[in-house]
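Down below is the structure, laid out as structure tokens.
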Amino acid sequence: MRIRATVAAVSGALALSALALPAAHAADQARVPAENSVSKVAHTAHQGRSSFAAVASGTPYQLNATFSNVKVNNGKNIAVGTTNVVKVPVSFTLTHGADVNIHAKDFFAAVELYRGASFEDSIWFYDSTNGSCTDSSATVANCKATVSIDPAELLSEDAGSWKAAAYAVAFNGQNPSDPDLDKVGVAVKDPTNSFKLQRYSKLTVNASPEPVKKGKTVTVVGKLSRANWDDGKYHGYTGQAVKLQFRKKNSSSYTTLKTIKTDSAGNLKTTTKATVDGYFRYSFAGTSTTPAVSAAGDYVDVK
Numbered sequence: 002m003r004i005r006a007t008v009a010a011v012s013g014a015l016a017l018s019a020l021a022l023p024a025a026h027a028a029d030q031a032r033v034p035a036e037n038s039v040s041k042v043a044h045t046a047h048q049g050r051s052s053f054a055a056v057a058s059g060t061p062y063q064l065n066a067t068f069s070n071v072k073v074n075n076g077k078n079i080a081v082g083t084t085n086v087v088k089v090p091v092s093f094t095l096t097h098g099a100d101v102n103i104h105a106k107d108f109f110a111a112v113e114l115y116r117g118a119s120f121e122d123s124i125w126f127y128d129s130t131n132g133s134c135t136d137s138s139a140t141v142a143n144c145k146a147t148v149s150i151d152p153a154e155l156l157s158e159d160a161g162s163w164k165a166a167a168y169a170v171a172f173n174g175q176n177p178s179d180p181d182l183d184k185v186g187v188a189v190k191d192p193t194n195s196f197k198l199q200r201y202s203k204l205t206v207n208a209s210p211e212p213v214k215k216g217k218t219v220t221v222v223g224k225l226s227r228a229n230w231d232d233g234k235y236h237g238y239t240g241q242a243v244k245l246q247f248r249k250k251n252s253s254s255y256t257t258l259k260t261i262k263t264d265s266a267g268n269l270k271t272t273t274k275a276t277v278d279g280y281f282r283y284s285f286a287g288t289s290t291t292p293a294v295s296a297a298g299d300y301v302d303v304k
């Protein structure tokens with residue numbers, strides 16, 4: 002199992018001279034998510050022990066800040082394919098004490114998406130960029146950020162239930178890579194959300210012959226496939242229930258004709274009778290690891 006790495010020292014590359022929080026990355030076959038200085042301090046405070054034991058002392062104090070209205074991907078599950086980096090929008094409301102300067106250059110507020118039991122005990126995770134916050138009052142701000150998820154960093158086993166946590170760190174002039182933790186403030190809310198990270202799915206359909214005589218047999222074939230994050234390819238999704246649906250030429254809604262299952266390669270094949278002009282499609286309801294998908298309708302002209 003790949004668990005969060007607590008590193009004794011923070012490399013200069015992870016110091017926050019740039020304001021972005023880097024996403025996780027793969028390290029050969031033993032994946033170790035990249036943990037930057039900000040998230041490291043947040044985890045230090047939440048775990049009650051120091052990740053900086055070799056280079057820093059003290060314990061972060063409880064920052065006078067709280068999170069609410071945390072949203073991940075506008076409340077939707079996240080589907081990731083095999084090549085494109087998925088940019089996930091996150092937003093939150095940050096309420097803070099009048100003495101907390103959330104616009105200081107060394108103040109950071111972010112959201113972490115993780116797979117695992119909790120913020121401090123995750124198997125794999127991604128941190129957002131530093132939140133861009135707009136004040137709605139002297140002590141309340143609305144913030145937005147982005148989490149980048151690269152399928153090259155995922156394994157297929159990562160699909161399923163994930164959570165989110167929000168955290169803020171005020172360095173108060175301390176060096177992020179070598180802080181006096183007693184002078185650093187931290188606030189964490191965990192969990193804030195739960196969602197599904199899913200393997201992007203595809204579904205095809207082809208109905209033939211075209212055209213066809215009324216009352217004759219129409220053969221409908223297709224394939225259900227989904228992203229495999231282990232090899233970066235799409236593979237057939239086997240043994241899944243898929244609906245064959247039909248929509249009349251001038252109708253806007255589909256009717257289910259029957260339900261069949263994909264074979265060992267994800268293929269679909271069935272027959273039905275031609276009655277009127279219209280569109281055939283396959284429709285898959287989805288699973289916890291794979292999103293729902295419907296094929297574009299294939300038109301058949303009935304003579």
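Sequential numbering from 2 applies to the sequence shown in the numbering used here. In this text, a Cβ means the ideal position worked out from N, Cα and C, and glycines have one as well. These figures come from a predicted structure and were not determined experimentally.
To the nearest angstrom, report how far apart residue i and residue j are at their CA atoms.
i	j	result
His26	Glu154	For His26, the predicted model reports a pLDDT of 36, less than 50, meaning its position is unreliable; a value from the coordinates is still stated below. Answer to the nearest angstrom: the Cα atoms are 6 Å apart.
Gly59	Gly267	56 Å
Asp302	Val222	17 Å
Asn75	Val91	7 Å
Val87	Leu156	15 Å
Asn173	Ala286	50 Å
Gln30	Thr257	Residue confidence is low: Gln30 scores 45 on pLDDT, short of 50, so the model does not pin down where it sits. No coordinate-derived value is stated.
Val112	Asp128	6 Å
Gly310	Lys106	Because the chain in this structure spans residues 2 to 304, residue 310 falls outside the shown range and cannot be described.
Pro212	Thr272	15 Å
Asn85	Lys304	44 Å
Asn118	Gly240	Checking the displayed sequence, the identity of residue 118 turns out to be Ala instead of Asn. Their backbone Cα atoms lie some 30 Å apart in a straight line.
Ser178	Ala99	27 Å
His104	Arg116	30 Å
Thr288	Tyr255	21 Å
Lys234	Ser69	38 Å
Phe281	Phe247	5 Å
Val89	Lys77	10 Å
Val277	Lys215	7 Å
Gln175	His44	17 Å
Pro210	Thr220	7 Å
Measuring CA to CA, which of the options is closest to residue i?
i	options	result
Ala166	Ala275, Asp181, Leu182 and Ser195	Ser195
Phe109	Val89, Val39 and Trp125	Val39
Phe120	Phe281, Trp163 and Val87	Trp163
Asp159	Tyr280, Asn78, Lys72 and Thr290	Thr290
Ala208	Gly216, Thr83, Gly279 and Thr140	Gly279
Thr218	Ala275, Ile103, Lys106 and Ala46	Ala275
Ser265	Ser295, Ala286 and His236	His236
His97	Gln175, Tyr255 and Tyr168	Tyr168
Arg200	Ser133, Pro210, Phe281 and Val294	Val294
Asp122	Lys72, Thr83 and Pro192	Pro192
Lys249	Gln175, Gly298, Val71 and Ala46	Gly298
Lys72	Tyr238, Gly117 and Phe93	Phe93
Ala126	Lys215, Lys214, Gln241 and Lys41	The residue you asked about is not Ala; residue 126 is Phe in the sequence shown. Residue Lys41 is the option with its Cα nearest to Phe126.
Pro83	Asn176, Lys215 and Asp231	A quick correction: the sequence has Thr, not Pro, at residue 83. Among Asn176, Lys215 and Asp231, the Cα nearest to that of Thr83 is on Asp231.
Tyr238	Ser254, Val277 and Leu269	Leu269
Asn102	Asn176, Ala139 and His44	Ala139
Considering only the beta carbon of each residue, do residue i and residue j sit closer than 9 Å?
i	j	result
Ser137	Asn131	no
Val81	Ile124	no
Leu64	Val206	no
Leu225	Ser252	no
Thr263	Leu245	no
Lys145	Thr67	no
Pro180	Ala228	no
Ala46	Val187	yes
How many whole angstroms separate the CB atoms of residue i and residue j, which I take to be in contact at a CB cut-off of 8 Å?
i	j	result
Pro61	Val185	5 Å
Val141	Leu114	So it is not a contact: roughly 24 Å between Cβ atoms.
Leu198	Ile79	5 Å
Val243	Tyr283	5 Å
Leu95	Cys134	6 Å
Does at least one heavy atom of the ligand PLP sit under 8 Å from the Cβ of residue i?
i	result
Leu269	This structure lacks the ligand PLP, and indeed carries no ligand of any kind.
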